[in-house]
Amino acid sequence: MTSFGKGFENQFKHHLVKNTKPGVPRIWVDGCFDMFHWGHANVIRQAAAAFNYKCCLCVGLHSDKTITTQKAKPVMNEEERTAAVLACEWVDEVVDGIVWWCTPYDFVKSFNIDYVVHGDDIVCDAVTGKNCYWEIQEHGMLKLVPRTEGVSTTDLIYRMLNPTSQDHWTGYRHSILSIDKIRLFSEQKRTAKKDDTIVYLDGVFDLLHIGHYKLLKHAKEIGSYVIVGVYDDVIANKKLGINYPICNIGERVMSLLACGYVDNVVIGAPEGITKEMIEKMHINKVLHGKHEYNELLYKDAIEMNIMDVYDSGSTVTALDIINRIKAMHDTYEERNSKKQR
Numbered sequence: 001m002t003s004f005g006k007g008f009e010n011q012f013k014h015h016l017v018k019n020t021k022p023g024v025p026r027i028w029v030d031g032c033f034d035m036f037h038w039g040h041a042n043v044i045r046q047a048a049a050a051f052n053y054k055c056c057l058c059v060g061l062h063s064d065k066t067i068t069t070q071k072a073k074p075v076m077n078e079e080e081r082t083a084a085v086l087a088c089e090w091v092d093e094v095v096d097g098i099v100w101w102c103t104p105y106d107f108v109k110s111f112n113i114d115y116v117v118h119g120d121d122i123v124c125d126a127v128t129g130k131n132c133y134w135e136i137q138e139h140g141m142l143k144l145v146p147r148t149e150g151v152s153t154t155d156l157i158y159r160m161l162n163p164t165s166q167d168h169w170t171g172y173r174h175s176i177l178s179i180d181k182i183r184l185f186s187e188q189k190r191t192a193k194k195d196d197t198i199v200y201l202d203g204v205f206d207l208l209h210i211g212h213y214k215l216l217k218h219a220k221e222i223g224s225y226v227i228v229g230v231y232d233d234v235i236a237n238k239k240l241g242i243n244y245p246i247c248n249i250g251e252r253v254m255s256l257l258a259c260g261y262v263d264n265v266v267i268g269a270p271e272g273i274t275k276e277m278i279e280k281m282h283i284n285k286v287l288h289g290k291h292e293y294n295e296l297l298y299k300d301a302i303e304m305n306i307m308d309v310y311d312s313g314s315t316v317t318a319l320d321i322i323n324r325i326k327a328m329h330d331t332y333e334e335r336n337s338k339k340q341r
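In this text, residue positions in the sequence shown follow full-length UniProt numbering: the first is 1, and each later residue adds one.
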């Protein structure tokens with residue numbers, strides 16, 4: 001077996017292998033992937049699609065220290081960012097804790113990489129001013145894909161720092177949910193089979209975080225087909241208040257479709273589940289996180305003895321993420337203003 005990363009052991013933390021795919025091109029995509037959203041996932045999807053999904057896709061994650069030096073302290077730590085990327089539908093391997101900002105040719109070749117893919121918004125080193133992929137370009141290994149319009153970490157941070165903003169519920173940003181986009185994100189999904197153990201869980205799923213990913217992963221472990229019911233913006237706002245959800249229904253659906261633990265999504269699902277839904281959708285298990293919820297809405301599932309409550313062990317919530325942003329308000333405001341100039 002190839003010893004990947006040989007000679008660079010001190011330049012990264014872990015090499016995590018989710019899928020083994022011998023005999024296909026090995027593709028590298030790297031970045032911060034902070035507050036992992038569907039725009040990040042789309043870069044990864046496009047990288048895989050460029051090879052008709054017949055490739056081994058390896059994602060490199062910059063360390064917290066490297067990101068802090070180059071930009072600002074990341075909102076999500078390395079463990080949280082790694083969990084998000086590992087959950088992505090099209091990711092096969094993850095190399096985390098990378099100390100490099102500019103991607104070195106020798107480093108990626110130590111992982112037997114054939115091509116490096118990046119969005120067409122390449123950044124430069126904050127210290128040297130160099131194109132971060134100059135070595136890769138010199139060796140003819142760089143392929144560019146279009147940046148996903150309408151979503152960015154900067155935009156999400158703006159929404160959190162401006163609690164009266166509701167622009168993301170209407171207009172262009174709300175139009176993200178389209179048949180074409182859903183098709184692109186779901187073309188690798190399969191339909192349920194008669195012998196599948198179907199697990200259903202519902203919720204807002206705003207700002208997908210490590211707690212969500214652990215819950216979704218558990219759903220896939222106790223079943224073979226996972227259906228997620230995602231509430232619309234009106235129900236989500238009634239539950240959460242202010243300008244929540246931070247991500248609108250389209251963005252939340254796309255993020256869930258990008259998750260490899262999820263097989264199908266019910267858009268605009270009702271709160272809870274009825275016996276009729278259970279029977280029509282052939283649901284075998286209903287899952288809920290171990291936080292407060294209205295048991296009356298799950299009365300039928302409880303009476304049918306198919307209700308399961310899972311404690312992920314994570315205490316992270318969307319509110320925690322927002323509080324992290326607010327705690328570094330000045331830093332993020334300065335960073336965002338520079339991007340908008």
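Glycine residues also receive a C-beta, built at the ideal position from the N, C-alpha and C atoms.
Open item on the list: Between which residues of its own chain and K6 is the CB-CB distance below 8 angstroms, once the five residues before and five after are set aside?
Closed with: Position 6 of the sequence shown, counted from the first residue, corresponds to residue 6. Exclusion of the five residues before and after K6 leaves S110 as the residues of its chain whose Cβ lies within less than 8 angstroms of its Cβ.
Open item on the list: Short of 8 angstroms in beta carbon distance, which residues of its chain neighbour E9, apart from the five on each side in sequence? Order them along the chain.
Closed with: Residue numbering aside, residue 9 sits at position 9 when the sequence shown is read from its first letter. Here the set comprises nothing.
Open item on the list: Can you confirm whether the segment 190-207 touches the segment 281-288 when touching is taken to mean that 3 or more C-beta pairs between the two stretches lie within less than 8 angstroms?
Closed with: At 8 angstroms Cβ cutoff, the stretches touch.
TODO: Please go through the UniProt domain "Cytidyltransferase-like" (200-299) and give each complete alpha helix (DSSP H) segment of 4 or more residues, from N-terminal end onward.
DONE: Complete alpha helix (DSSP H) runs here, min 4: 210-222, 233-240, 249-257, 275-280.
Task: Per-residue burial, K65 [other beta carbons within 10 Å of its own, 16 or more giving buried] - done: Here residue 65 is taken as the residue at index 65 of the sequence shown, counted from 1. Under a 10 Å Cβ-count criterion, K65 is classified as exposed, with fewer than 16 other Cβ atoms of the shown protein chains found around its own Cβ.
Open item on the list: Quick check: the Cα distance between N77 and T153, rounded to an integer number of angstroms?
Closed with: Sequence index remark: in the sequence shown, residue 77 carries index 77 (1-based). Sequence index remark: in the sequence shown, residue 153 carries index 153 (1-based). Their backbone Cα atoms lie some 15 angstroms apart in a straight line.
- [ ] Pick out the complete beta strand (DSSP E) segments inside the segment 74-135, 3 residues or longer, and give them in chain order.
- [x] Segments of the beta strand (DSSP E) lying fully in the segment 74-135: 93-98, 115-119.
Open item on the list: Rounding to the nearest angstrom, what Cα-Cα distance links residue 359 and V262 in this structure?
Closed with: The question about residue 359 has no answer, for the chain in this structure spans 1 to 341.
Open item on the list: Taking the straight line between their C-alpha atoms, what separation do you get for V99 and D30?
Closed with: If you number the sequence shown from 1, residue 99 lands on position 99. If you number the sequence shown from 1, residue 30 lands on position 30. Their Cα atoms are separated by approximately 12 angstroms.
- [ ] Check I306 in the structure and name its three-state DSSP category.
- [x] Residue numbering aside, residue 306 sits at position 306 when the sequence shown is read from its first letter. Secondary structure of I306 (DSSP, three-state): coil.
Open item on the list: I need the straight-line Cα distance from D233 to C247, nearest angstrom please.
Closed with: Position 233 of the sequence shown, counted from the start, is the residue given in the question as residue 233. Position 247 of the sequence shown, counted from the start, is the residue given in the question as residue 247. So the alpha carbons of these two residues sit roughly 9 angstroms apart.
Task: Beta-carbon contacts of residue 343 that lie in its chain and below 7 angstroms, excluding the five residues immediately before and after - done: Because the chain here runs from 1 to 341, residue 343 falls outside it and cannot be looked at.
TODO: Please report how far the alpha carbon of N323 lies from the alpha carbon of G211, in whole angstroms.
DONE: Within the sequence shown, the letter at position 323 stands for residue 323. Within the sequence shown, the letter at position 211 stands for residue 211. Rounded to whole angstroms, N323 and G211 show a C-alpha spacing of 16 angstroms.
Task: Run of the beta strand (DSSP E) containing D34, from where it starts to where it stops - done: On the sequence shown, position 34 is the one that residue 34 refers to. Note, D34: premise wrong, no beta strand (DSSP E); not H, not E.
- [ ] Using the Cα positions of A50 and I136, report the straight-line distance between them to the nearest angstrom.
- [x] Reading the sequence shown from its first residue, position 50 is the one you call residue 50. Reading the sequence shown from its first residue, position 136 is the one you call residue 136. If you take the alpha carbons of A50 and I136, they lie about 18 angstroms apart.
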